[in-house]
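Participant: Structure provided below as structure tokens; questions to follow.
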Amino acid sequence: MKAKEVYETLLQRFGNRGCELNFNNNYQLLVAVILSARCTDKRVNIVTKDLFEHYKTPQDLANANIDELQKEIYSCGFYRNKSKNLVLMAKDLCDRFDGVVPSNYQDLVSLAGVGRKTANVVMYVGFGIPAIAVDTHVFRVSNRLSLVNAKTPLECELALQKQMDKSSWGSFHHLLVLFGRYVCTSRSPACVDCEFRTKCPYYKSKRDSRNNK
Numbered sequence: 127m128k129a130k131e132v133y134e135t136l137l138q139r140f141g142n143r144g145c146e147l148n149f150n151n152n153y154q155l156l157v158a159v160i161l162s163a164r165c166t167d168k169r170v171n172i173v174t175k176d177l178f179e180h181y182k183t184p185q186d187l188a189n190a191n192i193d194e195l196q197k198e199i200y201s202c203g204f205y206r207n208k209s210k211n212l213v214l215m216a217k218d219l220c221d222r223f224d225g226v227v228p229s230n231y232q233d234l235v236s237l238a239g240v241g242r243k244t245a246n247v248v249m250y251v252g253f254g255i256p257a258i259a260v261d262t263h264v265f266r267v268s269n270r271l272s273l274v275n276a277k278t279p280l281e282c283e284l285a286l287q288k289q290m291d292k293s294s295w296g297s298f299h300h301l302l303v304l305f306g307r308y309v310c311t312s313r314s315p316a317c318v319d320c321e322f323r324t325k326c327p328y329y330k331s332k333r334d335s336r337n338n339k
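Residue numbers (our numbering): 127 to 339.
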């Protein structure tokens with residue numbers, strides 16, 4: 127199966143949908159993406175509704191009381207580490223970037239709590255810079271469909287980049303996320319509702335395993 131075939135099929139299924147996180151500016155986007163690590167976008171949106179009222183600017187977040195911040199983001203999981211990184215990230219934004227979220231990869235990953243995936247999301251969603259962010263959904267779906275044979279997110283990202291036009295990188299990321307979130311889930315994927323099942327190596331191996339029992 128080819129990446130472009132998967133892209134076109136998913137585009138028909140989901141349309142040209144974008145990021146499911148709620149935000150009004152790139153500061154809010156960066157905070158939301160950091161919170162979304164190992165957490166659902168739905169939960170993050172619930173938390174940030176009040177969070178962004180309390181911390182309207184990077185300066186507000188930089189001056190946050192850690193104990194209070196931990197309580198506010200508790201339901202997002204890993205709240206101790208995330209709260210520490212959010213405050214450090216906000217201080218860096220204020221001290222090094224005049225409170226403005228940078229648009230380039232190297233500056234973004236220099237911020238606390240910002241790894242490759244987060245930087246790529248912010249670059250594409252916030253600035254329209256082509257990027258493929260590889261989260262657990264993208265990694266799982268790409269390997270299951272044999273679009274890649276990757277052992278790491280970076281291997282997956284680079285392999286997908288080679289197969290797609292640069293202009294489609296960001297939208298392909300979103301489509302793979304949606305497919306992994308709602309159809310090709312980690313546990314009990316909805317293979318009966320999948321357009322790729324007749325060509326999917328993962329489905330074939332699952333079917334063969336059942337037949338051999």
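C-beta atoms are modelled at their ideal positions from N, C-alpha and C, and glycine is treated no differently. Note that the coordinates shown come from a computational prediction; the quantities given were computed from them, not determined experimentally.
Suppose you measure from the CA of residue 225 to the CA of residue 317; what does that come to, to the nearest Å?
Facilitator: Locating residue 225 in the sequence shown gives position 99, counting from the first residue. Locating residue 317 in the sequence shown gives position 191, counting from the first residue. Looking at the two C-alpha atoms, the distance is approximately 46 Å.
Participant: Taking the CB atoms as reference points, tell me whether residue 258 and residue 249 lie closer together than 7 Å.
Facilitator: Indexing the sequence shown from 1 puts residue 258 at position 132. Indexing the sequence shown from 1 puts residue 249 at position 123. The answer is no: Cβ separation not under 7 Å.
Participant: Could you check the C-alpha separation between residue 157 and residue 212 for me, to the nearest Å?
Facilitator: The residue you call residue 157 lines up with position 31 of the sequence shown. The residue you call residue 212 lines up with position 86 of the sequence shown. If I take the Cα positions, the gap works out to 7 Å.
Participant: What did DSSP end up calling residue 255 once you bin it into helix, strand or coil?
Facilitator: By 1-based counting over the sequence shown, the position of residue 255 is 129. Three-state DSSP puts residue 255 in coil, outside helix and strand.
Participant: Is it the case that the Cβ atoms of residue 239 and residue 172 are separated by a distance below 7 Å?
Facilitator: On the sequence shown, position 113 is the one that residue 239 refers to. On the sequence shown, position 46 is the one that residue 172 refers to. No, the Cβ-Cβ distance between residue 239 and residue 172 is not below 7 Å.
Participant: How would you label residue 270, buried or exposed, when you count the other beta carbons within 10 angstroms and need 16 or more for buried?
Facilitator: For the purposes of this step, residue 270 is identified with residue 144 of the sequence shown, where counting begins at 1. That one is buried.
Participant: If you draw a straight line from the C-alpha of residue 127 to the C-alpha of residue 190, how long is it?
Facilitator: Taking the sequence shown and counting its residues from 1, one reaches residue 127 at position 1. Taking the sequence shown and counting its residues from 1, one reaches residue 190 at position 64. Approximately 49 Å between the Cα atoms of the pair.
Participant: Assuming residue 266 and residue 203 make a contact with CB atoms under 8 Å, what is their CB distance in whole Å?
Facilitator: Translated into the one-based positions of the sequence shown, residue 266 becomes position 140. Translated into the one-based positions of the sequence shown, residue 203 becomes position 77. The Cβ separation is near 19 Å, so there is no contact.
Participant: What's the gap between the Cα of residue 184 and the Cα of residue 247?
Facilitator: Locating residue 184 in the sequence shown gives position 58, counting from the first residue. Locating residue 247 in the sequence shown gives position 121, counting from the first residue. Computed Cα separation, rounded: 19 Å.
Participant: Give me, in chain order, the residues of the same chain whose beta-carbon lies closer than 6 Å to that of residue 177; leave out the 5 immediate sequence neighbours on both sides.
Facilitator: Numbered from its first residue, the sequence shown carries residue 177 at position 51. These residues qualify, in order along the chain: 198.
Participant: Any idea what DSSP makes of residue 169, helix, strand or coil?
Facilitator: Walking along the sequence shown from the start, residue 169 turns up at place 43. DSSP places residue 169 in helix when its eight states are reduced to three.
Participant: Let's see if you can read the secondary structure: which residues bound the alpha helix (DSSP H) around residue 262?
Facilitator: The sequence position of residue 262 within the sequence shown is 136, counting from 1. Taken as a continuous stretch (DSSP letters only), the alpha helix (DSSP H) holding residue 262 covers 262–270.
Participant: Going straight from the alpha carbon of residue 206 to that of residue 194, what length do you get?
Facilitator: Within the sequence shown, residue 206 is the residue found at index 80, counting from 1. Within the sequence shown, residue 194 is the residue found at index 68, counting from 1. Answer to the nearest angstrom: the Cα atoms are 11 Å apart.
Participant: Look at the alpha carbon of residue 289 and the alpha carbon of residue 192, and state the distance between them as a whole number of angstroms.
Facilitator: Sequence index remark: in the sequence shown, residue 289 carries index 163 (1-based). Sequence index remark: in the sequence shown, residue 192 carries index 66 (1-based). One C-alpha to the other measures close to 44 Å.
Participant: Look up residue 149 in the DSSP assignment and say whether it is helix, strand or coil.
Facilitator: Walking along the sequence shown from the start, residue 149 turns up at place 23. In the structure shown, residue 149 sits in coil (DSSP, three-state: anything other than H, G, I, E or B).
Participant: From residue 293 to residue 300, what does the alpha carbon distance come to, in whole angstroms?
Facilitator: Residue numbering aside, residue 293 sits at position 167 when the sequence shown is read from its first letter. Residue numbering aside, residue 300 sits at position 174 when the sequence shown is read from its first letter. The straight-line gap from Cα to Cα measures roughly 13 Å.
Participant: Just to confirm before moving on: does the CB-CB distance between residue 135 and residue 321 stay below 7 Å?
Facilitator: In the sequence shown, the residue the question calls residue 135 occupies position 9. In the sequence shown, the residue the question calls residue 321 occupies position 195. A contact, by the Cβ cut-off of 7 Å.
Participant: Going by alpha carbons, who is nearest to residue 71 out of 201, 168, 227, 153?
Facilitator: Only positions 127 to 339 of the chain appear in the structure, and residue 71 is not among them; the question remains open.
Participant: Express the C-alpha separation of residue 216 and residue 283 in angstroms, rounding to a whole number.
Facilitator: On the sequence shown, residue 283 is found 157 positions in, with the first residue counted as 1. On the sequence shown, residue 216 is found 90 positions in, with the first residue counted as 1. Each residue's alpha carbon lies about 28 Å from the other.
Participant: Between the Cα of residue 229 and the Cα atoms of 131, 245, 304, which residue gives the shortest distance?
Facilitator: Along the sequence shown, one-based indexing puts residue 229 at 103. Residue 229 has its Cα closest to that of 245, out of 131, 245, 304.
Participant: For the alpha helix (DSSP H) that residue 215 lies in, which residues bound it at each end?
Facilitator: Position 89 of the sequence shown, counted from the start, is the residue given in the question as residue 215. Start and end: 205–223.
Participant: Please determine, among 280, 313, 302, the residue with the shortest C-alpha to C-alpha distance to residue 340.
Facilitator: Past the boundaries of the shown model lies residue 340; the chain is included only from 127 to 339, so the question cannot be answered.
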